[in-house]
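Chains as they are written, first to last, in the numbering used here: chain A, 30 to 220; chain B, 10 to 813. By construction, the Cβ of each residue, glycine as well, lies at the ideal position given by its N, Cα and C atoms. Inspection log for the structure reproduced underneath, given as structure tokens.
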Amino acid sequence: MIDSKIVDMLWSRDEGGISECEKKYKKYCMKIAYRILGDLQDSEECTSDTFLAAWNTIPPKRPENLKTYLAKLTRNLSLNRYKTYTAEKRGGGAVDTSMEEIEACLPSRDSTEAVVDSVVLTDLLDRFLAELPKETRIMFVQRYWYFMSVKGIAEDLYLTESKVKITLMRTRKKLAELLEKEGFMRTAEWR
Amino acid sequence: MKKDDILDAISGIKDEYINEAVPGASRRKSSVWAKAGVIAACLCLFAAVGFLIPYGMNKPAVKPPVATDTVGSGVETTAPATNETTGMVEDSTDTEDVQNTPAIGGTALCKVHEEIYHMVPDFLAELRDANEMFEWANSLKIDESKVKSTTECPYEYNIKLLIDKFGITKEEFVEAYPFTSAGAVDVDLLYNGTAEEIDGYYRNFGYFSIESKRGGHYDYLFGEIFTAYYDEIYDMSKNKDMLEYIPVPELVVMLDIDRDELIKYIDLATQKSMETHGECYTFDYDLDMLYGADGEIILEIDADMSDKDIDEMFCRVGRYADNDVDFIGNSNDTAENKPAIGGSGHCYIHHEIYHSIPGWLAVLVGEDENHKWCQELWDSIPDSNYNDLESCPAEEFNIKAFIDHFGITREDFESVHYSLQYCEVDLDVLFDGTAAEVEQYFRNIDELNIYGYKRSHYGYVVDLIRDAYADELDKLETNYYHGCIPELVVMFDIEKGELESYIRGATEKVIKAYDGKKYAFDYNIDMLYDSDGRVKLELNDSVNNNRKLRNQLDEMFCRIGRCADNDLNLIDNPDAGVKDHCTVHHTSYHMTPAWLIEYIGIDNYKEWKNSLSADGFNVTDGCGLVSNIKKVIDRFDIPAEVFTENCTYPLDSEYNLNLLYNATEDEIDKYYRKEENFKYNVDRHTHHAAVMETMWFEYMNEFRELQDPYSSFYTFSIPEAVYGLNITRDELEEIFKRAADNCISVHGVCYTYDYNLEMIYGEDGVSFEPLEKLLSVNEDDDPANDISSNELREMFCRVGRYAE
Numbered sequence: 030m031i032d033s034k035i036v037d038m039l040w041s042r043d044e045g046g047i048s049e050c051e052k053k054y055k056k057y058c059m060k061i062a063y064r065i066l067g068d069l070q071d072s073e074e075c076t077s078d079t080f081l082a083a084w085n086t087i088p089p090k091r092p093e094n095l096k097t098y099l100a101k102l103t104r105n106l107s108l109n110r111y112k113t114y115t116a117e118k119r120g121g122g123a124v125d126t127s128m129e130e131i132e133a134c135l136p137s138r139d140s141t142e143a144v145v146d147s148v149v150l151t152d153l154l155d156r157f158l159a160e161l162p163k164e165t166r167i168m169f170v171q172r173y174w175y176f177m178s179v180k181g182i183a184e185d186l187y188l189t190e191s192k193v194k195i196t197l198m199r200t201r202k203k204l205a206e207l208l209e210k211e212g213f214m215r216t217a218e219w220r
Numbered sequence: 010m011k012k013d014d015i016l017d018a019i020s021g022i023k024d025e026y027i028n029e030a031v032p033g034a035s036r037r038k039s040s041v042w043a044k045a046g047v048i049a050a051c052l053c054l055f056a057a058v059g060f061l062i063p064y065g066m067n068k069p070a071v072k073p074p075v076a077t078d079t080v081g082s083g084v085e086t087t088a089p090a091t092n093e094t095t096g097m098v099e100d101s102t103d104t105e106d107v108q109n110t111p112a113i114g115g116t117a118l119c120k121v122h123e124e125i126y127h128m129v130p131d132f133l134a135e136l137r138d139a140n141e142m143f144e145w146a147n148s149l150k151i152d153e154s155k156v157k158s159t160t161e162c163p164y165e166y167n168i169k170l171l172i173d174k175f176g177i178t179k180e181e182f183v184e185a186y187p188f189t190s191a192g193a194v195d196v197d198l199l200y201n202g203t204a205e206e207i208d209g210y211y212r213n214f215g216y217f218s219i220e221s222k223r224g225g226h227y228d229y230l231f232g233e234i235f236t237a238y239y240d241e242i243y244d245m246s247k248n249k250d251m252l253e254y255i256p257v258p259e260l261v262v263m264l265d266i267d268r269d270e271l272i273k274y275i276d277l278a279t280q281k282s283m284e285t286h287g288e289c290y291t292f293d294y295d296l297d298m299l300y301g302a303d304g305e306i307i308l309e310i311d312a313d314m315s316d317k318d319i320d321e322m323f324c325r326v327g328r329y330a331d332n333d334v335d336f337i338g339n340s341n342d343t344a345e346n347k348p349a350i351g352g353s354g355h356c357y358i359h360h361e362i363y364h365s366i367p368g369w370l371a372v373l374v375g376e377d378e379n380h381k382w383c384q385e386l387w388d389s390i391p392d393s394n395y396n397d398l399e400s401c402p403a404e405e406f407n408i409k410a411f412i413d414h415f416g417i418t419r420e421d422f423e424s425v426h427y428s429l430q431y432c433e434v435d436l437d438v439l440f441d442g443t444a445a446e447v448e449q450y451f452r453n454i455d456e457l458n459i460y461g462y463k464r465s466h467y468g469y470v471v472d473l474i475r476d477a478y479a480d481e482l483d484k485l486e487t488n489y490y491h492g493c494i495p496e497l498v499v500m501f502d503i504e505k506g507e508l509e510s511y512i513r514g515a516t517e518k519v520i521k522a523y524d525g526k527k528y529a530f531d532y533n534i535d536m537l538y539d540s541d542g543r544v545k546l547e548l549n550d551s552v553n554n555n556r557k558l559r560n561q562l563d564e565m566f567c568r569i570g571r572c573a574d575n576d577l578n579l580i581d582n583p584d585a586g587v588k589d590h591c592t593v594h595h596t597s598y599h600m601t602p603a604w605l606i607e608y609i610g611i612d613n614y615k616e617w618k619n620s621l622s623a624d625g626f627n628v629t630d631g632c633g634l635v636s637n638i639k640k641v642i643d644r645f646d647i648p649a650e651v652f653t654e655n656c657t658y659p660l661d662s663e664y665n666l667n668l669l670y671n672a673t674e675d676e677i678d679k680y681y682r683k684e685e686n687f688k689y690n691v692d693r694h695t696h697h698a699a700v701m702e703t704m705w706f707e708y709m710n711e712f713r714e715l716q717d718p719y720s721s722f723y724t725f726s727i728p729e730a731v732y733g734l735n736i737t738r739d740e741l742e743e744i745f746k747r748a749a750d751n752c753i754s755v756h757g758v759c760y761t762y763d764y765n766l767e768m769i770y771g772e773d774g775v776s777f778e779p780l781e782k783l784l785s786v787n788e789d790d791d792p793a794n795d796i797s798s799n800e801l802r803e804m805f806c807r808v809g810r811y812a813e
């Protein structure tokens with residue numbers, strides 16, 4: 030079934046919309062959740078929460094792109110759960126690894142921390158992504174939004190792992206330079 | 010800054026980027042249109058060697074920008090310019106000021122010339138003062154009124170002017186230009202032709218579409234090797250910032266790549282070309298110059314040979330079939346220069362398709378097999394044949410022979426071909442006719458050409474639609490290169506009258522192009538629209554990236570002939586339009602909110618909903634839905650208080666309770682038909698949501714404490730948030746402004762509620778006296794009597810009756 034019809038069903042409070050959502054996007058949402066949580070049961074719960082959240086929010090929201098809407102819900106719910114687990118010292122998924130890479134392009138911990146305006150930062154990231162070559166942008170988003178492994182990205186894009194690694198490294202460097210230039214970082218240190 | 014800050018910021022990136030990167034999504038973005046194919050191939054080609062410098066930057070570049078992603082990663086790799094201020098790569102989309110648009114090759118702006126015509130290639134820039142060159146090029150005008158025109162060029166600048174201005178000699182040019190520009194530059198013409206001739210030459214997309222595509226394949230080949238040996242090649246390069254270009258034969262020697270491995274990379278390049286462009290043209294790579302009979306590498310590279318010499322020998326570019334560099338520079342089109350596969354140009358008896366093996370067809374049999382077959386036949390043709398214009402020079406070399414030789418079935422053929430591009434051919438004849446019948450059939454050049462002219466009409470219609478919706482196409486989450494009119498109509502909800510105006514526009518162009526003849530398909534408009542001229546066609550997801558289904562759509566729409574029957578497999582609901590849909594009321598008329606269903610009871614609601622029958626219901630005026638909010642209220646006797654208690658203001662502000670409870674059914678029906686009654690509600694909601702988002706980002710940690718950790722949504726109102734976070738009136742007004750800016754940047758407009766700041770702040774704009782009074786209105790300590798978030802929200806937004 031096409032997405033607009035599913036949204037119509039949800040909008041008119043037809044529970045069939047949820048079934049259609051599950052039928053079409055469960056696997057997709059599961060993958061997103063699993064990459065973050067690394068646990069099947071947790072991922073299933075998060076995915077169920079996603080569809081419930083979709084039911085609760087449509088209406089009033091009427092997403093133009095259902096797939097992305099569900100992806101965002103899943104990611105948010107999974108990250109929330111992930112953060113709780115991290116606080117409880119439970120093991121996480123690929124988030125740590127991905128974020129460690131990003132962290133490496135941030136200032137060292139003892140440097141003065143700037144107060145971050147996240148709206149501006151997101152806007153900056155959007156601009157940054159817009160100006161990347163498409164393939165590089167896909168790599169970046171797959172790594173830091175979808176938390177995919179380097180190997181997974183390489184397979185997905187028909188590239189070698191080294192190509193992916195190097196491109197990501199260069200892209201992070203470019204991002205760090207931009208962040209520094211825009212005043213988000215006092216110092217840029219590289220490891 | 011902490012990693013969480015980045016994590017949060019990444020969470021909010023645009024949907025289009027998230028969607029674009031969906032793991033496991035097919036990356037096959039095929040390009041039906043020759044132009045698009047050429048452009049992509051060229052970009053890829055040029056980026057690989059990093060020799061192009063985009064023209065059109067506002068400021069002179071300090072140094073030539075380089076291909077940041079270097080080579081081999083595929084089509085999207087370009088040589089972007091670097092903005093000196095931000096260090097960011099310049100955006101080449103059309104949303105920027107025209108003068109700021111680097112527009113690699115100008116293709117983003119100029120739709121009439123081949124891209125290289127408007128470029129400042131760095132192989133030329135290196136011959137003179139590059140900065141001076143860029144400054145001059147940038148000083149020339151771009152006519153905004155001609156941007157993206159399909160008939161007029163917006164650029165004053167062109168490569169001929171550059172050569173003349175800086176006195177670059179032909180010798181200098183020939184010495185400097187790299188192999189990969191082969192096919193994109195006719196040096197003789199460039200130096201000896203008139204401005205008009207050169208202009209005309211660069212309008213010839215057909216020519217470039219073959220030559221550049223071959224160059225594109227070579228670039229993919231280079232890219233595959235580069236990707237596989239990235240570290241080694243990177244180590245070899247002296248300049249780590251801008252990797253050197255190394256010809257493939259040289260790479261083979263240095264990296265000790267054996268024949269099978271090289272063939273693998275050639276196949277991968279073919280695959281990439283097919284995936285990216287939907288077709289593939291290649292050079293006739295001379296593997297024998299690299300490998301001996303037992304597969305050992307035999308090539309010895311002479312130190313005096315340039316990269317270009319090596320490339321040309323390996324690729325056997327056109328006339329250089331023999332491994333003899335002496336041929337270089339000979340541009341005479343003699344019989345020895347046998348035309349490459351893919352269009353005869355030498356046969357005056359048959360329609361050119363007869364002697365063409367399209368790339369998409371060759372893929373069915375494999376690159377090697379295809380080449381072997383073609384080469385054997387080609388070699389067997391006596392050169393003298395080319396001198397006789399009265400007979401076919403290559404009788405054995407034809408599409409029918411190819412199909413028969415490889416046993417290609419019609420089904421296989423139809424699974425890969427672009428029907429519109431191949432609509433000249435009657436497949437019944439091709440597959441069921443004898444060789445003689447097929448040969449005879451292809452002698453009807455004039456008749457067959459008519460389909461080509463009709464196809465031109467179709468192409469013009471597509472061009473006009475693409476021009477009209479260029480911005481929307483640019484914003485698409487996936488690259489849409491397909492020119493399928495029915496798909497475009499559905500995608501952009503193009504009304505019948507509008508489509509007809511495009512068809513008329515295309516007809517004018519055809520008349521001009523074909524001496525007054527009105528060639529066009531007999532478009533099946535009725536398959537697209539209902540009787541009121543609204544789009545009724547609905548396409549399901551299976552059409553995406555499915556060539557066969559797109560072909561069917563095209564064929565149904567164009568009524569090409571052999572597929573005139575409407576195969577409805579790809580259409581979800583051919584009768585869609587009115588039945589089961591409503592096109593006249595505001596959506597909220599037919600919507601039952603979750604809290605109302607909860608109040609009614611889901612089972613009761615479903616039972617009632619199922620009992621509604623469309624029998625006897627007249628679908629006459631665009632509304633095909635039986636239920637509506639008034640019916641729900643009446644059926645379940647819902648008191649107005651249920652709305653006031655449960656509505657999530659301002660989100661539910663579409664409900665006009667005075668009307669719903671006091672007006673007649675007809676009046677309510679009419680109210681929900683008026684678009685203006687609901688025009689700004691969504692925009693106001695958007696601003697309200699943006700305010701919450703902005704506060705969330707501004708006061709992230711404190712906000713989280715107010716928020717349910719497992720909820721992505723806010724349960725508290727703006728007044729509560731303001732009070733909890735101790736936000737002053739000035740700060741809140743600044744947040745409003747930022748939210749408004751954000752809305753405008755995304756949606757182009759911003760409408761807001763008439764926010765009631767006086768209910769929160771005292772006169773000093775800091776104290777919360779009025780709000781505190783409201784919050785402590787309940788003196789009996791009964792939580793049930795507390796003012797709810799919803800009530801606060803409604804009062805703050807002054808929704809409806811709280812407008813004062």
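Interface residues of chain A around G21 (chain B) at Cβ under 7 Å? On the second sequence, residue 21 (chain B) is found 12 positions in, with the first residue counted as 1. The answer, in chain order, is T151.
Closer than 9 Å to chain A by CB, L299 (chain B): Taking the first residue of the second sequence as position 1, residue 299 (chain B) is located at position 290. No - not a single Cβ of chain A is within 9 Å of the one on L299 (chain B).
So, for K150 (chain B): in the same chain, excluding its five sequence neighbours on each side, which residues have a beta-carbon less than 7 Å away from its beta-carbon? Translated into the one-based positions of the second sequence, residue 150 (chain B) becomes position 141. Closer than 7 Å at the Cβ level, and outside the excluded window around K150 (chain B), lie E165.
Report back the beta-carbon spacing between L102 (chain A) and A83 (chain A) to the nearest angstrom; my notes put them in contact at under 8 Å. Counting from one through the first sequence, the residue named residue 102 (chain A) turns up at place 73. Counting from one through the first sequence, the residue named residue 83 (chain A) turns up at place 54. Contact flag correct, Cβ pair sits at about 6 Å.
Taking the alpha helix (DSSP H) that L546 (chain B) belongs to, which residues open and close that run? Position 537 of the second sequence holds residue 546 (chain B). It is not in any alpha helix (DSSP H) - L546 (chain B) carries neither H nor E in the DSSP assignment.
Measuring straight from C-alpha to C-alpha, what distance separates S465 (chain B) and M283 (chain B)? Along the second sequence, one-based indexing puts residue 465 (chain B) at 456. Along the second sequence, one-based indexing puts residue 283 (chain B) at 274. Rounded to whole angstroms, S465 (chain B) to M283 (chain B) spans 23 Å at the Cα level.
Report the residues of the stretch 182 to 196 of chain A with a CB closer than 9 Å to any CB of chain B, ordered along the chain. I182, D185, L186, Y187, L188, T189, S191, K192, I195 and T196
Throw me the rounded Cβ distance for the T97 (chain A) and I27 (chain B) pair, which I believe falls under 8 Å. By one-based count along the first sequence, residue 97 (chain A) stands at place 68. By one-based count along the second sequence, residue 27 (chain B) stands at place 18. Their Cβ separation, rounded to whole angstroms, is 5 Å, which keeps T97 (chain A) and I27 (chain B) in contact under 8 Å.
Based on Cα-Cα distance, which residue from B:Y528, B:A522, B:E496 and B:I474 lies nearest to N509 (chain B)? By one-based count along the second sequence, residue 509 (chain B) stands at place 500. Position check: residue 509 (chain B) holds Glu in this sequence, whereas Asn was assumed. When each option's Cα is compared against that of E509 (chain B), the closest is B:I474.
Just verifying my parser: in three-state terms, what is the DSSP assignment at C632 (chain B)? Position 623 of the second sequence, counted from the start, is the residue given in the question as residue 632 (chain B). Strand at C632 (chain B).
Does R802 (chain B) pass the burial test, meaning 16 or more other C-beta atoms within 10 Å, or should it be called exposed? Locating residue 802 (chain B) in the second sequence gives position 793, counting from the first residue. Buried: at least 16 other Cβ atoms inside 10 Å.
Pick from B:E259, B:Y614, B:Y478 and B:G21: whose alpha carbon is nearest that of E321 (chain B)? Indexing the second sequence from 1 puts residue 321 (chain B) at position 312. The shortest C-alpha separation from E321 (chain B) is found at B:E259.
State the Cα-Cα distance for the pair M59 (chain A) and K202 (chain A), rounded to the nearest angstrom. For the purposes of this step, residue 59 (chain A) is identified with residue 30 of the first sequence, where counting begins at 1. For the purposes of this step, residue 202 (chain A) is identified with residue 173 of the first sequence, where counting begins at 1. Their backbone Cα atoms lie some 31 Å apart in a straight line.
Pairwise C-alpha distance: D152 (chain B) and P163 (chain B): Here the question's residue 163 (chain B) lines up with position 154 in the second sequence. Here the question's residue 152 (chain B) lines up with position 143 in the second sequence. When rounded, the distance between both Cα atoms is 5 Å.
Determine the contact status of N29 (chain B) and K55 (chain A), defining contact as a CB-CB distance below 9 Å. The residue given as residue 29 (chain B) occupies position 20 in the second sequence. The residue given as residue 55 (chain A) occupies position 26 in the first sequence. The sequence shown places Glu at residue 29 (chain B), not Asn. No, the pair does not count as a contact, with Cβ atoms beyond the cut-off.
Distance cutoff 9 Å, beta carbons only. Does L801 (chain B) sit that close to anything in chain A? Along the second sequence, read from residue 1 onward, the residue named residue 801 (chain B) stands at position 792. Taking Cβ atoms only, chain A never reaches closer than 9 Å to L801 (chain B), which makes this a no.
Contact set between H503 (chain B) and chain A, taken where Cβ atoms lie within less than 7 Å: Indexing the second sequence from 1 puts residue 503 (chain B) at position 494. At residue 503 (chain B) the sequence reads Ile, which differs from the His that was named. Taking a Cβ-Cβ threshold of 7 Å, none of the residues of chain A is close to I503 (chain B); the smallest such distance is about 17 Å.
Whole-number beta carbon distance between I534 (chain B) and K505 (chain B), since they are thought to touch under 8 Å: If you number the second sequence from 1, residue 505 (chain B) lands on position 496. If you number the second sequence from 1, residue 534 (chain B) lands on position 525. With 8 Å as the limit, K505 (chain B) and I534 (chain B) qualify as a contact, their Cβ atoms being about 7 Å apart.
At which residues does the alpha helix (DSSP H) containing R513 (chain B) begin and terminate? Taking the second sequence and counting its residues from 1, the one referred to as residue 513 (chain B) is at position 504. R513 (chain B) -> alpha helix (DSSP H) spans K505 to A522.
Is the CB of D68 (chain A) under 9 Å away from at least one CB in chain B? Taking the first residue of the first sequence as 1, we reach residue 68 (chain A) at position 39. Chain B places no beta carbon closer than 9 Å to that of D68 (chain A), leaving this residue out of the contacts.
For the stretch 51 to 80 of chain A, enumerate the residues whose C-beta is nearer than 8 Å to any C-beta of chain B, in chain order. Y57, K60 and D78
Would you say E44 (chain A) faces chain B, with C-beta separation under 9 Å as the test? Position 15 of the first sequence, counted from the first residue, corresponds to residue 44 (chain A). By this cut-off, E44 (chain A) is an interface position.
So the candidates are B:V196, B:L370 and B:L439; which of them puts its Cα closest to the Cα of E180 (chain B)? Counted from its first residue, the second sequence places residue 180 (chain B) at position 171. For the residues B:V196, B:L370 and B:L439, the minimum Cα distance to E180 (chain B) belongs to B:V196.
Using three-state DSSP, classify I306 (chain B) as helix, strand or coil. Numbered from 1 along the second sequence, position 297 holds the residue referred to as residue 306 (chain B). Strand, per DSSP.
List the whole-angstrom C-beta distance separating V519 (chain B) from Y462 (chain B), where the pair is believed to meet the contact cut-off of C-beta under 8 Å. The residue given as residue 519 (chain B) occupies position 510 in the second sequence. The residue given as residue 462 (chain B) occupies position 453 in the second sequence. With a Cβ gap of about 7 Å, V519 (chain B) and Y462 (chain B) count as contacting.
Buried or exposed for W40 (chain A), going by 16 or more other Cβ atoms inside 10 Å? Residue 40 (chain A) sits at position 11 when you count from the first residue of the first sequence. Burial is judged here by how many other beta carbons sit within 10 angstroms of a residue's own beta carbon; W40 (chain A) has at least 16 and is buried.
I151 (chain B) bridges to which residues according to DSSP? For the purposes of this step, residue 151 (chain B) is taken as the residue at position 142 of the second sequence. Partner(s): B:Y164.
Quick check on A445 (chain B): buried or exposed, where buried means 16 or more other Cβ atoms within 10 Å of its Cβ? What you label residue 445 (chain B) is simply residue 436 of the second sequence in a count that begins at 1. A445 (chain B) should be labelled exposed.
Pull up the DSSP beta-bridge partners for Y469 (chain B), would you. In the second sequence, the residue the question calls residue 469 (chain B) occupies position 460. Answer is none; Y469 (chain B) lacks a bridge partner.
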